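Trainee: After the structure tokens below, expect a handful of questions from me.
Residue numbers (this note's numbering): 2 to 307.
Here it is in structure tokens:
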């Protein structure tokens, strides 16, 4: 009898639409792979829903704070339901960009300088020399990210909006010019390196999820030693947090900075997107794994005590 997989999706974060799309596509692929699947739009009644369903595995397709920060992971540990992706501690550390940079730096993964300030202060005056980036400390999909260009008269006023729901403190970090690179890790194997090219201001929400918002070049056209370095740093980041399952680590590469350029890690994603325009399925396919094989591997890798 095939395993019964509950695909957890939706939720109430800013990334709900992306999660619903990821979950729907993963559920369809799991059915094609032979699993019995129930799609669960996660609400505050998730404990009762799962108690009634009695699934064998939870496939975590949630994005945003509740799904990536260790909260749903802790709940699944409590009810002893095996789940995909990383565990409580790895998820919590990776979701907090400030704590994540501390872990990455300690592991020898290069990161850019930053400060943490109240959003009112970040909107009042430049807290770093331009150009710089303002972003929420714990959000994903580039929500609330603003690039302040060189010579800008004032910081972004959008972070003072009344509907801002990404915390009262923001991260302000040095802007790294250059190319956008990313590399997924599947278990203990680094997949291919992708370069992301977009005509938009940066790899923002629209570039990530809209059809035609970006072009993914895999394998990225890099010097072999830089390609290899991206893969090794992605593995180092995955290991430093104690991640499990699939992760994706994002980089900026300024190839104009010296002979080998400047390679900087932006973040590690413990719940990378799984839509038709997402990077991890593309990288898995490049490595010879179909979408069905990828999600099936994730289900078979599921466990507690992650």
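We treat Cβ as the ideally placed atom computed from N, Cα and C, and that holds for glycine.
These numbers were taken from a predicted model, which means no experiment stands behind them.
Can you name the residues that DSSP bridges to residue 184?
Mentor: For residue 184, which the question treats as bridged, DSSP gives the partners 194, 250.
Trainee: So, helix, strand or coil for residue 64, using DSSP?
Mentor: DSSP places residue 64 in coil when its eight states are reduced to three.
Trainee: Using only alpha-carbon positions, find the residue among 297, 306, 307 that is nearest to residue 315.
Mentor: The question about residue 315 has no answer, for the chain in this structure spans 2 to 307.
Trainee: Please name the residue in 227, 237, 39, 16 whose C-alpha comes closest to that of residue 69.
Mentor: Here the closest residue by C-alpha is 16.
Trainee: Give the straight-line distance between the Cα atoms of residue 175 and residue 112, rounded to the nearest whole angstrom.
Mentor: C-alpha separation (whole angstroms): 10 Å.
Trainee: To the nearest angstrom, how far is it from the Cα of residue 149 to the Cα of residue 230?
Mentor: Answer to the nearest angstrom: the Cα atoms are 29 Å apart.
Trainee: Give me whichever residues DSSP pairs with residue 149 in a beta bridge.
Mentor: In DSSP, residue 149 forms a bridge with 133.
Trainee: Using only the alpha-carbon positions, how far apart do residue 59 and residue 151 sit?
Mentor: Taking the straight line from one Cα to the other gives about 46 Å.
Trainee: Determine the extent of the alpha helix (DSSP H) in which residue 78 is found, giving its start and end residues.
Mentor: It spans 72 to 79 - the alpha helix (DSSP H) in which residue 78 sits, taken as one unbroken run.
Trainee: Answer with buried or exposed for residue 251, where buried requires no fewer than 16 other C-beta atoms within 10 angstroms of its C-beta.
Mentor: So residue 251 counts as buried.
Trainee: Less than 8 Å between the beta carbons of residue 85 and residue 246, yes or no?
Mentor: In this structure, residue 246 lies closer than 8 Å to residue 85 by Cβ.
Trainee: Counting contacts by CB-CB distance shorter than 8 Å, is residue 288 in contact with chain C?
Mentor: The displayed structure is made up of one protein chain only, and chain C is not part of it.
Trainee: Let's see if you can read the secondary structure: which residues bound the alpha helix (DSSP H) around residue 39?
Mentor: Taken as a continuous stretch (DSSP letters only), residue 39 belongs to no alpha helix (DSSP H), being part of the beta strand (DSSP E) at 37 to 42.
Trainee: Quick one: which unbroken alpha helix (DSSP H) runs of 4-plus residues sit fully inside the region 250 to 303? Chain order, please.
Mentor: Counting whole runs of 4 or more residues, the region 250 to 303 contains the alpha helix (DSSP H) stretches 280 to 287, 292 to 302.
Trainee: Can you tell me whether residue 177 is buried or exposed? The criterion is at least 16 other CB atoms within 10 Å of its CB, across all chains shown.
Mentor: By the 10 Å Cβ count, residue 177 comes out buried.
Trainee: For residue 222, count neighbouring Cβ atoms within 10 angstroms of its own Cβ and tell me buried if that reaches 16, exposed if not.
Mentor: Classification for residue 222: exposed.
Trainee: Go through its chain and collect everything with a Cβ distance to residue 61's Cβ below 7 Å, but skip five positions before and after it.
Mentor: Cβ neighbours of residue 61 beyond the five flanking positions: 9, 68, 73, 84, 85, 86, 272.
Trainee: Grab me the residues of residue 34's own chain with a C-beta within less than 6 Å of its C-beta, minus the 5 sequence neighbours each way, in chain order.
Mentor: Within the same chain, residue 34 has close Cβ partners 293, 297.
Trainee: Which class does residue 90 belong to by DSSP, given the choice of helix, strand or coil?
Mentor: The answer is helix: DSSP assigns residue 90 an H, G or I state.
Trainee: Can you look up residue 108 in the DSSP assignment and give me helix, strand or coil?
Mentor: Residue 108 falls in the coil class under three-state DSSP.
Trainee: The beta strand (DSSP E) with residue 26 in it runs from where to where?
Mentor: Residue 26 -> not in any beta strand (DSSP E); alpha helix (DSSP H) instead, spanning 17 to 33.
Trainee: Let's see if you can read the secondary structure: which residues bound the alpha helix (DSSP H) around residue 56?
Mentor: Unbroken run through residue 56: none, as it is neither H nor E.
Trainee: Roughly how many angstroms separate the alpha carbons of residue 55 and residue 39, rounded to a whole number?
Mentor: Residue 55 and residue 39: Cα-Cα distance of roughly 11 Å.
Trainee: Within a Cβ cutoff of 7 Å, which residues of the same chain sit near residue 236, ignoring the five residues on either side of it in sequence?
Mentor: For residue 236, where only same-chain residues beyond five positions count, the Cβ hits under 7 Å are 186, 191.
Trainee: Could you pull out every residue in the same chain whose Cβ sits closer than 6 Å to the Cβ of residue 102, ignoring the five residues on either side in sequence?
Mentor: Contacts found: 112.
Trainee: For residue 128, which three-state DSSP category applies?
Mentor: Looking at residue 128 - three-state DSSP - the assignment turns out to be coil, as it is neither helix nor strand.
Trainee: Give the DSSP bridge partners of residue 52, in chain order.
Mentor: Paired residue(s): none; residue 52 is not in a bridge.
Trainee: Taking its Cβ as the centre, do 16 or more other Cβ atoms sit within 10 Å of residue 158, making it buried, or is it exposed?
Mentor: The residue in question, residue 158, is exposed, as its Cβ has fewer than 16 Cβ neighbours within 10 Å.
Trainee: Which stretch, first to last residue, makes up the alpha helix (DSSP H) that contains residue 234?
Mentor: It spans 225 to 242 - the alpha helix (DSSP H) in which residue 234 sits, taken as one unbroken run.
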